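Take a look at the structure below.
Number of protein chains: 2
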Amino acid sequence: MSDYDLQERLAGARAVGTTDESRDHLPKESLATEPRPLSRVITWHDEADVVIVGYGGAGVCAALEAALAGADVLALERAGGGGGTTAMSTAHIYMGGGTRVQKAVGLEDTTEDMFRFIMASADDPDEEKVRLFCDGSVGHFDWLVEQGVPFKDSIYPDRTPEQPNDDCLIWSGNEKAHPFRELARPSARGHKVQNQAEGGPILFRILSENAERAGVRVQCDTRVLNLIVRGEDGRICGVVVRQDQEERFIRARRGVILCAGGFVMNREMLRNHVPSVLEENVSPVGNMYDDGAGIRMGLSARGTAIHMDEYFVTVVWYPPSSLTKGILVNEYGQRFINEDSYHGRCAEHAKRQGRAYLIADNEIFGYPESGLELLATENSIEDLESALKLPPQTLQNSVAVYNENAMRGEDPVFRKHADWIKPLNAPPYAAIECSYGIAPYLTFTLGGLKTRASGEVVTEDGQDVPGLFAAGRNACGIPRSSWGYCSGTSVADATFFGRITGRKAAANESWE
Amino acid sequence: MSDYDLQERLAGARAVGTTDESRDHLPKESLATEPRPLSRVITWHDEADVVIVGYGGAGVCAALEAALAGADVLALERAGGGGGTTAMSTAHIYMGGGTRVQKAVGLEDTTEDMFRFIMASADDPDEEKVRLFCDGSVGHFDWLVEQGVPFKDSIYPDRTPEQPNDDCLIWSGNEKAHPFRELARPSARGHKVQNQAEGGPILFRILSENAERAGVRVQCDTRVLNLIVRGEDGRICGVVVRQDQEERFIRARRGVILCAGGFVMNREMLRNHVPSVLEENVSPVGNMYDDGAGIRMGLSARGTAIHMDEYFVTVVWYPPSSLTKGILVNEYGQRFINEDSYHGRCAEHAKRQGRAYLIADNEIFGYPESGLELLATENSIEDLESALKLPPQTLQNSVAVYNENAMRGEDPVFRKHADWIKPLNAPPYAAIECSYGIAPYLTFTLGGLKTRASGEVVTEDGQDVPGLFAAGRNACGIPRSSWGYCSGTSVADATFFGRITGRKAAANESWE
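Taken in order, these protein sequences are the chains called Y and V.
Residue 381 in the numbering used here is what sits at position 364 of the first sequence, and the numbering runs on without skipping anything.
Residue 85 in the numbering used here is what sits at position 68 of the second sequence, and the numbering runs on without skipping anything.
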């Protein structure tokens, strides 16, 4: 069995609590996030300069940088150990502009190309954040290396969602696909932490060891219940936690950083903001504590949330990469996307259709490694059209137009790159089920608290909530659209802005 | 000139402040919505049992019902006079289940059909609200009649966004279009208040006269700045207003009802929640005070907002209704919607494409009354395809398939109703520009505060914010998707839930 096995990963994700049942059995009290007034705090059980709520990828980077800046840091984690969703991930980290690995494998990249590409990947990119993220990207890579995070000087060249080995670079997004390739010079920017399997556990282990070495105190099995707020000015002064079955009060002298993840495990929040992902066969990706508690605490403390409707979605329909030479069609027999787009972009466009099928011929066919269902095989496109119950002549016309152009190596309709074009003329023909709600899709949320690029949570009025910061998916960050998402932007965003936010909180004035 | 003249209405809308310039020049202080603590209130300048923030369709109904229930009611309006966006509208009111007018014109309808239809019109309908709305719909009609609102016992049978006369009923949504017609027996439910031109001004005049007769006090040129909150329990106790250049404090003994409209005039909120409507040639529909102030006040007082990404959008591409016999195609020459769908549904689907064109032949052609641009006329579909720079063979194939089926009076692909099917075979052929971002689109917002069906604003935790209510587009109500929107659901929702909320607030316990 290969290292890359989606079925196993899905099963693993479910095992840590992502089934509907486990989501519905989250204790009701988990929803009570109202802040407590400072005036009611009688005793402080513990204190620190900077208190970190949630110890995953964003939390560990925030903690480490705050500690390196001289702050006394206390990190609080609900689970029995840190890591969060970052430690469950492959740990692709989206970095570019000329990293050591990019140079070693002979890939050219510039900060400006990276900037233009990311700016084109959302309806409402936060230009200040994107600018900071791109300008600091090579530096972020170097910092990770300094921390001891291993990256091999190699690239995995095939089109696949995840390299099945320890190669570093991968084309992890839409860089080479129309229309992005015309907007910015493409480069591979997904950097996998060196490991045969997922890199997430290694990344987190290294960073957390460094954080503890720098003096960060970590308390697990510690649930943060509420923020503590000073009545006069709304300043956040600490948190209420539950430890060993009792409530304790922890003072945060300089600031509280919310790093407690997205809300894909919270059905009520999904209903309110992203109802379309509550479909059959759409599995949430995350850890069981991605219930939006951090976002809700921030909202209760006058923060505002933005783009709460945005999500990532995918159906992993390749490898084999040869299937990219097939065409994706909807229930009207129409193509709807250039099939060389990133799987998540294809999935979002498939989701907008009623049904979606991948059509392949015998030359390019291979069973999708993810186990997607083979719906039909027929000796002619006409018969395939019937088998799929598509309206007569529709699929035939789509294939005829595609083939006629493909003979010349062109796709003037959807502009798939010439590398992936060949006429579909080698029977038998196959149809693979890619429909949203039927094929196995994966999803997680992208919306969160509105923050400054430096991490301060802001109110609807555009004011800072004094003493409150957020990073990772408690904030709305770099990735903010399903149609433009790239692998690696989540972990890159969490670690990059986690670091910035940690430094900012450490430098914040104490409220005492 | 006919009563129905979109250009004039657009010009009118702009005149009351909907240009980008006027939106950007809203005073900055309009964003400061933080609640003030009760403990800081030294003097009350005025008081009432129920204070209404915003005196449009929802506000007047809330005020009237609260007053009829015996409450002392004070309505506060920022503009020089009441009416809000309701008074700018046609005043289609979506009602069904067997109203007097439906019966008089021989239309059958049931509460269950109305319920099924509305439930199918959003990803996340609020079942409790929809149930109440449908069960109470005939009663709401009768109540309006009792108030003196005139409805003629007639139906305007043509397919048009707005009847050009004083007929009452109109098919105002997707009831007869696939897939809705298979889900619920269709009926016309858009009831226009009897008037040759728009019914909004009449509706508001009648209701506000009744409200004042019932004792409602109305103060215009009165801007509500903040809610006043009791520190201990978050109870809303009143509002801070600006009148005559000074701040005054108004006590609300039983409750405050937020009825201050949507946020389509607030660019910052649109960027945060609905960035895709910030496109060229997309005009906001509303009055200049639809800047989300009520929603922001509610959020600041611990309310939560849902479906903030949802919006209405349309491009008015008919009448003439004969154009419905044409086909809408995208930049790939593909059809994408059954063209007998409501104009807003067609527009949402057109918005999801890159470009969109209406293709007509000489038999059905007429210049769109809204002034949409005629892009090309050619003597063959092939030439039209070239003129539109569509990929070769694509439009030709779409028309060929459409025509072949149309010969049999069928549309097995998109299931347009047989009434609107004829082969496109009478040259010359025409293409009309319907592209989002190019053709003139209209939009307004549908997201808002989460409320109970009875009007209480609830927190993210699902608790009531004591003393705070919302109705109209300060709340997220019945209409909550662009693809399922029907004309008349906004005014119906505002007036229906305005009434319920007014009664609820009047019965609320006083905080004193």
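Note that the Cβ used here is the ideal one computed from N, Cα and C, for glycine as well.
Computed from a prediction, not measured in an experiment: that's the story for all the values here.
Buried versus exposed, by CB contacts within 10 Å (16 or more), residue i
i                      : result
residue 261 of chain Y : exposed
residue 28 of chain V  : Any reading at residue 28 of chain V must be qualified, since the residue scores a pLDDT of 35, below 50, and its modelled position is unreliable; the value itself is stated next. Counting Cβ neighbours within 10 Å, residue 28 of chain V comes out exposed, since fewer than 16 surround it.
residue 443 of chain Y : exposed
residue 424 of chain Y : exposed
residue 31 of chain Y  : The pLDDT assigned to residue 31 of chain Y is 33, lower than 50, so where the model puts this residue is not dependable; a value taken from the coordinates is nonetheless given after this. With fewer than 16 Cβ atoms within 10 Å of its Cβ, residue 31 of chain Y is classed as exposed.
residue 188 of chain V : buried
residue 527 of chain V : exposed
residue 138 of chain Y : buried
residue 42 of chain Y  : Its pLDDT being 36, under 50, residue 42 of chain Y is placed unreliably in this model, and the coordinates cannot settle the point.
residue 87 of chain V  : exposed
residue 264 of chain Y : exposed
residue 397 of chain V : exposed
residue 196 of chain Y : exposed
residue 542 of chain V : Outside the displayed range of chain V (18 to 529) lies residue 542 of chain V, so it cannot be described from this structure.
residue 518 of chain Y : buried
Within 9 Å, strictly: CB atoms of residue i and residue j
i                      : j                      : result
residue 508 of chain V : residue 109 of chain V : yes
residue 494 of chain Y : residue 514 of chain Y : yes
residue 451 of chain Y : residue 407 of chain Y : no
residue 211 of chain V : residue 223 of chain V : no
residue 82 of chain Y  : residue 520 of chain Y : yes
residue 56 of chain Y  : residue 248 of chain Y : yes
residue 533 of chain Y : residue 321 of chain Y : Any property of residue 533 of chain Y remains undetermined from this structure, which presents chain Y solely from 18 to 529.
residue 217 of chain Y : residue 506 of chain Y : no
residue 193 of chain Y : residue 357 of chain Y : yes
residue 250 of chain Y : residue 280 of chain Y : no
residue 502 of chain V : residue 329 of chain V : yes
residue 435 of chain Y : residue 377 of chain Y : no
residue 481 of chain Y : residue 469 of chain Y : yes
residue 360 of chain Y : residue 331 of chain Y : yes
residue 53 of chain Y  : residue 246 of chain Y : yes
Partners in chain B for residue i, counting only beta-carbon separations shorter than 8 Å
i                      : result
residue 412 of chain V : Of the protein chains in this structure, namely Y and V, none is chain B.
Residue i beta carbon near the ligand COA (any heavy atom closer than 8 Å)
i                      : result
residue 442 of chain V : Judged by which ligands are present, the structure shown has none, so any question about the ligand COA falls away.
Nearest-angstrom Cα separation, counted from residue j out to residue i
i                      : j                      : result
residue 353 of chain V : residue 394 of chain V : 22 Å
residue 40 of chain V  : residue 384 of chain Y : At residue 40 of chain V the pLDDT is 37, less than 50, meaning the model places this residue with poor confidence and gives no usable figure here.
residue 175 of chain V : residue 374 of chain V : 23 Å
residue 19 of chain V  : residue 184 of chain V : Reliability fails at residue 19 of chain V, whose pLDDT of 34 lies under 50, so the model's placement of it is uncertain and the value that follows must be treated cautiously. Whole-angstrom Cα-Cα distance: 15 Å.
residue 417 of chain V : residue 327 of chain V : 36 Å
residue 106 of chain Y : residue 221 of chain Y : 10 Å
residue 173 of chain V : residue 131 of chain V : 20 Å
residue 257 of chain Y : residue 367 of chain Y : 44 Å
residue 473 of chain Y : residue 255 of chain Y : 15 Å
residue 231 of chain Y : residue 523 of chain Y : 14 Å
residue 133 of chain V : residue 198 of chain V : 11 Å
residue 92 of chain V  : residue 271 of chain V : 14 Å
residue 492 of chain V : residue 170 of chain V : 32 Å
residue 51 of chain V  : residue 283 of chain Y : 28 Å
residue 341 of chain V : residue 437 of chain V : 6 Å
residue 427 of chain V : residue 348 of chain V : 24 Å
residue 207 of chain Y : residue 439 of chain V : 52 Å
residue 201 of chain Y : residue 422 of chain Y : 26 Å
**Request:** Give the residues from the stretch 129-155 of chain Y that approach chain V closer than 7 Å (Cβ to any Cβ), ordered along the chain.
**Result:** 140 and 141
**Prompt:** Using a Cβ cut-off of 9 Å, which residues of the stretch 311-323 of chain V contact any Cβ in chain Y, in chain order?
**Reply:** 312, 313, 316, 317, 319, 321, 322 and 323
**Message:** Across the stretch 76-95 of chain V and the stretch 110-125 of chain V, are there enough close Cβ pairs to call them in contact, namely three or more that are closer than 8 Å?
**Reply:** Contact between the stretch 76-95 of chain V and the stretch 110-125 of chain V is absent: fewer than three C-beta pairs spanning the two stretches fall below 8 Å.
**Chain-ordered residues of the stretch 262-289 of chain Y with a beta carbon less than 7 Å from chain V** = 288 and 289
**Asked** Three or more C-beta pairs closer than 8 Å, one from the stretch 280-296 of chain Y and one from the stretch 458-465 of chain Y: is that the case here?
**Response** yes
**Item:** Short-range partners of chain V found in the stretch 426-439 of chain Y, where Cβ spacing is below 8 Å
**Value:** 429, 430 and 431
**Asked** Can at least three beta-carbon pairs, one atom from the stretch 275-295 of chain V and one from the stretch 61-76 of chain V, be found at a separation below 8 Å?
**Response** Enough Cβ pairs lie closer than 8 Å, so yes.
**Asked** Okay, do the stretch 422-439 of chain Y and the stretch 313-320 of chain Y touch, 3+ Cβ pairs below 8 Å being the bar?
**Response** Counting Cβ pairs under 8 Å, fewer than three are found: no touch.
**Prompt:** Of the residues that make up the stretch 347-369 of chain V, which ones have a beta carbon closer than 7 Å to any beta carbon in chain Y?
**Reply:** 349, 351 and 369
**Asked** Given a limit of 7 Å on CB to CB distance, which residues of the stretch 473-495 of chain Y reach chain V?
**Response** 477, 478 and 479
**Message:** Please identify, using Cβ separations under 7 Å, the residues of the stretch 388-413 of chain V that lie next to chain Y, in order along the chain.
**Reply:** Answer in chain order: 408, 410 and 411.
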